[in-house]
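Structure first, then comments.
Residue numbers (my numbering): 1027 to 1178.
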(Lines of atoms letter the chains of each structure in order from A and count residues from 1; the text may use other names and numbers.)
(Lines give C-alpha, C1' and ligand atoms only; values in the text may rest on other atoms or scores of the structure.)
Protein backbone atom coordinates (compact mmCIF):
# COMPACT_ATOMS: atom_id res chain seq x y z
CA UNK A 1 0.00 0.00 0.00
CA UNK A 2 2.97 2.35 0.07
CA UNK A 3 2.30 3.32 -3.53
CA UNK A 4 -1.30 4.22 -2.71
CA UNK A 5 -0.15 6.13 0.38
CA UNK A 6 2.45 7.99 -1.67
CA UNK A 7 -0.08 8.87 -4.35
CA UNK A 8 -2.47 10.05 -1.65
CA UNK A 9 0.23 12.33 -0.20
CA UNK A 10 1.22 13.68 -3.63
CA UNK A 11 -2.40 14.46 -4.34
CA UNK A 12 -2.60 16.48 -1.12
CA UNK A 13 0.68 18.25 -1.86
CA UNK A 14 -0.82 19.39 -5.16
CA UNK A 15 -3.67 21.00 -3.29
CA UNK A 16 -6.31 18.36 -3.90
CA UNK A 17 -8.45 17.67 -0.87
CA UNK A 18 -9.27 13.98 -0.38
CA UNK A 19 -12.95 13.19 -0.02
CA UNK A 20 -14.81 10.42 1.77
CA UNK A 21 -14.63 8.05 -1.20
CA UNK A 22 -10.85 8.43 -1.46
CA UNK A 23 -10.36 7.87 2.26
CA UNK A 24 -12.64 4.82 2.20
CA UNK A 25 -10.67 3.35 -0.71
CA UNK A 26 -7.41 3.80 1.19
CA UNK A 27 -8.89 2.25 4.34
CA UNK A 28 -10.20 -0.67 2.29
CA UNK A 29 -6.78 -1.26 0.77
CA UNK A 30 -5.08 -1.33 4.16
CA UNK A 31 -7.74 -3.60 5.66
CA UNK A 32 -7.50 -5.90 2.64
CA UNK A 33 -3.74 -6.18 3.24
CA UNK A 34 -4.30 -6.94 6.92
CA UNK A 35 -2.86 -3.60 8.06
CA UNK A 36 -5.67 -2.53 10.36
CA UNK A 37 -3.38 -0.19 12.32
CA UNK A 38 -2.63 1.84 9.19
CA UNK A 39 -6.33 1.85 8.31
CA UNK A 40 -7.07 3.41 11.70
CA UNK A 41 -4.39 6.04 11.15
CA UNK A 42 -6.22 6.96 7.92
CA UNK A 43 -9.41 7.30 9.99
CA UNK A 44 -7.52 9.67 12.31
CA UNK A 45 -6.39 11.65 9.25
CA UNK A 46 -10.02 11.91 8.18
CA UNK A 47 -10.94 13.33 11.57
CA UNK A 48 -8.09 15.86 11.39
CA UNK A 49 -9.24 16.97 7.95
CA UNK A 50 -12.87 17.17 9.10
CA UNK A 51 -13.99 14.47 6.65
CA UNK A 52 -16.78 12.60 8.39
CA UNK A 53 -16.71 8.80 8.17
CA UNK A 54 -19.82 6.93 7.09
CA UNK A 55 -21.17 3.40 7.43
CA UNK A 56 -18.87 2.25 4.59
CA UNK A 57 -15.84 3.47 6.57
CA UNK A 58 -16.89 1.58 9.66
CA UNK A 59 -18.06 -1.53 7.81
CA UNK A 60 -14.67 -1.74 6.12
CA UNK A 61 -12.85 -1.45 9.45
CA UNK A 62 -15.16 -4.05 11.01
CA UNK A 63 -14.49 -6.42 8.11
CA UNK A 64 -10.76 -5.89 8.60
CA UNK A 65 -11.01 -6.81 12.27
CA UNK A 66 -13.25 -9.82 11.58
CA UNK A 67 -10.79 -11.14 8.97
CA UNK A 68 -8.22 -11.17 11.77
CA UNK A 69 -10.64 -12.92 14.17
CA UNK A 70 -10.97 -9.76 16.31
CA UNK A 71 -14.75 -9.76 16.48
CA UNK A 72 -14.96 -8.01 19.85
CA UNK A 73 -12.96 -5.09 18.48
CA UNK A 74 -15.28 -5.00 15.48
CA UNK A 75 -18.26 -4.99 17.85
CA UNK A 76 -16.78 -1.95 19.62
CA UNK A 77 -16.73 -0.17 16.26
CA UNK A 78 -20.47 -0.77 15.91
CA UNK A 79 -20.95 0.97 19.25
CA UNK A 80 -18.65 3.82 18.14
CA UNK A 81 -20.67 4.21 14.94
CA UNK A 82 -23.83 4.68 16.95
CA UNK A 83 -22.15 7.15 19.32
CA UNK A 84 -21.08 9.22 16.32
CA UNK A 85 -24.59 9.22 14.91
CA UNK A 86 -23.80 6.89 12.01
CA UNK A 87 -26.60 4.41 11.46
CA UNK A 88 -25.42 0.81 11.05
CA UNK A 89 -26.81 -0.96 7.99
CA UNK A 90 -27.35 -4.61 7.12
CA UNK A 91 -23.69 -4.94 6.13
CA UNK A 92 -22.62 -3.75 9.59
CA UNK A 93 -24.69 -6.42 11.29
CA UNK A 94 -23.94 -9.17 8.76
CA UNK A 95 -20.21 -8.52 9.14
CA UNK A 96 -20.36 -9.02 12.89
CA UNK A 97 -22.75 -11.97 12.78
CA UNK A 98 -20.53 -13.65 10.20
CA UNK A 99 -17.47 -12.82 12.29
CA UNK A 100 -18.96 -14.58 15.30
CA UNK A 101 -19.96 -17.60 13.24
CA UNK A 102 -16.60 -17.99 11.50
CA UNK A 103 -14.30 -17.46 14.45
CA UNK A 104 -12.09 -20.46 15.08
CA UNK A 105 -13.45 -21.79 18.36
CA UNK A 106 -17.09 -20.80 18.24
CA UNK A 107 -18.45 -20.88 21.76
CA UNK A 108 -22.07 -20.97 22.85
CA UNK A 109 -21.68 -17.35 23.99
CA UNK A 110 -20.68 -16.31 20.46
CA UNK A 111 -23.87 -17.84 19.05
CA UNK A 112 -25.76 -15.80 21.63
CA UNK A 113 -23.91 -12.64 20.54
CA UNK A 114 -24.88 -13.37 16.93
CA UNK A 115 -28.52 -13.86 17.93
CA UNK A 116 -28.48 -10.61 19.96
CA UNK A 117 -27.18 -8.76 16.90
CA UNK A 118 -30.01 -10.23 14.82
CA UNK A 119 -32.57 -8.97 17.34
CA UNK A 120 -30.93 -5.53 17.42
CA UNK A 121 -30.91 -5.44 13.64
CA UNK A 122 -34.66 -6.14 13.48
CA UNK A 123 -35.38 -3.60 16.27
CA UNK A 124 -33.58 -0.99 14.17
CA UNK A 125 -35.79 -1.72 11.19
CA UNK A 126 -33.16 -3.53 9.14
CA UNK A 127 -34.43 -6.59 7.29
CA UNK A 128 -32.12 -9.59 7.72
CA UNK A 129 -30.94 -11.15 4.47
CA UNK A 130 -30.46 -14.81 3.61
CA UNK A 131 -26.77 -14.45 4.47
CA UNK A 132 -27.73 -13.09 7.89
CA UNK A 133 -29.72 -16.22 8.68
CA UNK A 134 -27.05 -18.50 7.23
CA UNK A 135 -24.42 -16.91 9.49
CA UNK A 136 -26.71 -17.27 12.52
CA UNK A 137 -27.30 -20.95 11.71
CA UNK A 138 -23.55 -21.49 11.30
CA UNK A 139 -22.86 -19.88 14.68
CA UNK A 140 -25.54 -21.98 16.40
CA UNK A 141 -24.37 -25.13 14.62
CA UNK A 142 -20.76 -24.63 15.65
CA UNK A 143 -21.80 -23.92 19.24
CA UNK A 144 -23.90 -27.10 19.30
CA UNK A 145 -21.00 -29.10 17.83
CA UNK A 146 -18.74 -27.74 20.56
CA UNK A 147 -21.24 -28.66 23.29
CA UNK A 148 -21.74 -32.10 21.70
CA UNK A 149 -17.99 -32.74 21.70
CA UNK A 150 -17.71 -31.72 25.35
CA UNK A 151 -20.65 -33.95 26.34
CA UNK A 152 -19.20 -36.99 24.51
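Every residue gets a Cβ at the ideal spot worked out from N, C-alpha and C, and that includes glycine.
Predicted, not measured: the structure shown is a model, and the values here were computed from it.
Secondary structure at residue 1115, three-state DSSP: helix, strand or coil? Judged by DSSP in its simplified three-state form, residue 1115 adopts coil rather than helix or strand.
So, at 7 Å on beta carbons, what are the nonlocal neighbours of residue 1144 in its own chain, with the 5 sequence-adjacent residues on each side left out? So the qualifying residues of the chain are 1123, 1154, 1158 and 1162.
How many Å lie between residue 1121 and residue 1028 at the Cα? Cα-Cα distance, rounded: 27 Å.
Can you say whether residue 1054 is buried or exposed, counting buried as having 16 or more other CB atoms within 10 angstroms of its CB? Buried, since its Cβ has 16 or more Cβ neighbours within 10 Å.
Mind checking whether residue 1073 and residue 1046 have CB atoms under 8 Å apart? In this structure, the beta-carbon distance from residue 1073 to residue 1046 does not fall below 8 Å.
Can you tell me which of 1044, 1082, 1038 and 1111 puts its alpha carbon nearest to the alpha carbon of residue 1057? A check of alpha carbon separations from residue 1057 across 1044, 1082, 1038 and 1111 identifies 1082 as the nearest.
Can the beta-carbon of residue 1034 be found closer than 8 Å to that of residue 1052? For the pair residue 1034 and residue 1052, the CB atoms are nearer than the 8 Å cut-off.
Looking only at its chain, what residues have a beta carbon closer than 6 Å to the beta carbon of residue 1107, apart from the 5 residues adjacent to it on each side? The residues are 1084 and 1114.
Beta-carbon contacts of residue 1064 that lie in its chain and below 6 Å, excluding the five residues immediately before and after: Within the same chain, residue 1064 has close Cβ partners 1056.
Do residue 1140 and residue 1100 have their C-beta atoms closer together than 8 Å? Cβ distance not < 8 Å, so residue 1140 and residue 1100 don't count as in contact.
Note down the Cα distance separating residue 999 from residue 1125, rounded to an integer number of angstroms. Only positions 1027 to 1178 of the chain appear in this structure, which leaves residue 999 out of reach.
Since residue 1095 and residue 1062 are thought to touch, with beta carbons under 8 Å apart, how far apart are those beta carbons, to the nearest angstrom? No, residue 1095 and residue 1062 are not in contact; Cβ-Cβ is about 12 Å, not under 8 Å.
Below 6 Å CB to CB, which residues in the same chain sit around residue 1044 once its five sequence neighbours on both sides are set aside? So the list is empty, once near-sequence residues are dropped.
In terms of residues, what are the limits of the alpha helix (DSSP H) holding residue 1028? That run of the alpha helix (DSSP H) goes 1028-1039.
For residue 1089, which three-state DSSP category applies? Looking at residue 1089 - three-state DSSP - the assignment turns out to be helix.
Presumed contact (8 Å Cβ cut-off) between residue 1088 and residue 1118, rounded CB distance: The pair is a contact, with the Cβ atoms about 7 Å apart (cut-off 8 Å).
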